[in-house]
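Working notes, structure below.
Numbering (the numbering used here), first residue to last: 967 to 1655.
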């Protein structure tokens, strides 16, 4: 019996010393290296040391009680002749160790379990709050810490299995609490060693997870211990039956002894059905096969990591021992479909939706749906309203406004303007290797590039409405110039992204969200209205010009050409170049169209008529002069007759015939008589004869 009590006591004291050593090593190693997770795991070992201390005291007291019982049995054999009363007095006298053991197990262990629970809860909460302050600490030598953590995990695992194996004896079952805690600490140290090894390659994800797992595990174990203490108060205790300590974690026991879970379930079923389910062949088969089944399932799941399924629209890259490149320096790319690789962690596949259109919100923060969290698009982009959750200002240069507002107001105007820039930028991945490995955060870098290119472009762009008024609408960001600006900005962002090796393709840059601040939108609209009125008048004047010049000369270009010819004609005329004047005049007339051509034609006809008439008058005068010289009397008589003919053309003339002797009297009735009927026509004709 003494041997049976001494062995677990020795194991408990040895485990206590080991946990204290591991606590000191892990604590000072964490302080020296700066890794918070290493310091946190040291407190896990200190909690294990408290449990081993209780177990050491418990088994020491058990060994004393067993030694006392052995002494009493030997004394009873030597004094077999003693009376019954003497034996009772001796038993009472020598049973002090057994009484101390009963008091220890009834009061001391539950009280100490409460202290352990308070320690785990308090320290877990403290470590959880300290994670944020420990993130900025400088770290060093992760490989040294990984080697030490591996050694601690190995020794802890051996001690855990040894103590758990000893707990199979009914009298040594309390060792299971320390063995389970040792196994949990060993598992944490092993994972911590892997995380520290990855930290050497600047991969801190696993280390960050462990930093949260350790305090959360302490809190969970503390809560479980507290719950066990409360349940132990109402749990019936049978004499001679082992009562599980409150700090003996059931959660860690599942990992430490997977078969114990089935035994507990079988015991509960035995109690419910009234027969030994644990004695059936199915339970025994399941208990024997549970470990192989778990191992087979784990192996199947592990081998399943060799299968990679890439969906349509996705691409993948396979890393082998952390390197995505083959021997020929080409990336291990995989396209859509079914692929086979080496299992994890030899090969690790990363899939990305390369055909998915991604969007950056440049210059604004969109509103989100409270239910889905997705960004809500603005249905209308009116200048007088705020469209998004936040809208950033964009500083742009102000062009000269002298031609619009006058020289005095333009002199007082500020040289810059502020507009709201709501620019969505859509892109997709075109080179997955460059997108993943050239930069740590390619999305953030692309966003910075978009802001830089937008600010650079805005510094040289024009947003003034005066551009529209003077016929430069293609350069205004608030007008039709957005199409050209979008193309220029897209090319600039794409060029900058290619220079940085981002491996993205800019699909769309939207400039429809450029607008003035809502506070000054009415003023902008008033100015634009005035500019549109001015532009309307300018267009009306141009239309009138085109209509007038079209009527006069056919077209505006023809009018400009004729104006140049007229200027050359006047210049040649001033200089007296008659030949050139004639040539330019003929060219002007030949190229004239419309009303000008008609006027010029009439002028030419009039000039030709005047010249011809003057020439004919001169020639007639010459002929008359010759006729006069030949026969003056006849010429005079002829001219007098012509003059009388012309003068008396429309005058009634009377011809009076007279006898030289004045003897004959002729009477003529010169009154006009109109016939009254058809019968008078004949007599009228006869009288006219």
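Note that beta-carbon positions come from the ideal geometry of N, C-alpha and C, so glycine has one too.
Of the candidates 1426, 1149, 1110 and 1011, 1011 places its Cα closest to the Cα of residue 984. Sorting 1215, 1150 and 1537 by C-alpha distance to the C-alpha of residue 1193 places 1215 at the top. About 6 Å separates the beta carbon of residue 1332 from that of residue 1355, a gap short enough to meet the 8 Å contact definition. Around the beta-carbon of residue 1111, 16 or more other beta-carbon atoms lie within 10 Å, marking it buried.
Straight across, the Cα-Cα distance linking residue 1173 with residue 1162 is about 7 Å. Looking at the DSSP output, residue 1480 shares a beta bridge with 1387. DSSP places residue 1313 in no alpha helix (DSSP H) but in the uninterrupted beta strand (DSSP E) bounded by 1313-1318. Rounded to whole angstroms, the separation of the alpha carbons of residue 1154 and residue 1119 is 8 Å.
Within the same chain, Cβ atoms closer than 7 Å to the Cβ of residue 1277 are found at 1302, the five residues on either side in sequence being excluded. The straight-line gap separating the alpha-carbon atoms of residue 1188 and residue 1211 is approximately 14 Å.
With a cutoff of 9 Å on beta-carbon distance, residue 1525 and residue 1515 are scored as near each other.
Excluding five sequence positions before and after residue 1456, the CB atoms of its chain that fall closer than 6 Å to its own CB belong to 1472 and 1475, given in chain order. Sixteen is the threshold: when 16 or more other Cβ atoms of the shown chains lie within 10 Å of the Cβ of residue 1147, as they do, the residue is buried. Annotation for residue 1092: the continuous alpha helix (DSSP H) segment containing it runs 1075-1096. With contacts defined as CB atoms closer than 9 Å, residue 1122 and residue 988 qualify as a contacting pair.
For residue 1303, the enclosing beta strand (DSSP E) stretches over residues 1303-1306. Close CB contacts of residue 1106 within its chain, under the 7 Å cut and outside five residues either way in sequence, are with 999 and 1000 (chain order). Apart from the 5 residues on each side of it in sequence, residue 1408 sits with its Cβ closer than 6 Å to the Cβ of 1401 and 1468 in its chain, given in chain order. The alpha-carbon of residue 1136 is positioned some 15 Å away from that of residue 1144. Between residue 1393 and residue 1470 the beta-carbon gap is near 5 Å, inside 8 Å, which marks them as a contact.
The C-beta distance from residue 1013 to residue 1085 rounds to 6 Å, short enough to meet the 8 Å contact threshold. The region 1536-1583 contains, as complete alpha helix (DSSP H) runs of 4+ residues, the segments 1544-1557 (chain order). One Cα belongs to residue 1592, the other to residue 1586, and the distance between them is close to 10 Å. Leaving aside the five residues that flank residue 1274 on each side, the residues in its chain whose CB is nearer than 7 Å to its CB run, in chain order, 1282, 1300, 1305, 1307 and 1315. Distance check between residue 1449 and each of 1465, 1169 and 1427 places 1427 closest, using alpha-carbon atoms only. Residue 991 and residue 977 have their C-alpha atoms some 21 Å from each other.
Here residue 1149 is not near residue 1006, since their CB atoms are 9 Å or more apart. A straight-line Cα-Cα distance of about 47 Å links residue 1133 and residue 1289. Straight-line spacing of the CA atoms in residue 1580 and residue 1574 works out to 10 Å.
Taking C-beta atoms as the reference points, residue 1023 and residue 1074 count as a pair closer than 9 Å.
Apart from the 5 residues on each side of it in sequence, residue 1016 sits with its Cβ closer than 6 Å to the Cβ of 1082 in its chain, given in chain order.
Annotation for residue 1020: 1075 and 1078 place their beta carbon closer than 7 Å to its own, counting only its chain and skipping 5 residues before and after. A distance of 9 Å or more separates the beta carbons of residue 1420 and residue 1479. Spatial neighbours of residue 1458 in its own chain (CB-CB distance under 6 Å, excluding positions within 5 residues in sequence) are listed in chain order as 1419. A direct Cα-to-Cα measurement between residue 1292 and residue 1285 gives close to 9 Å.
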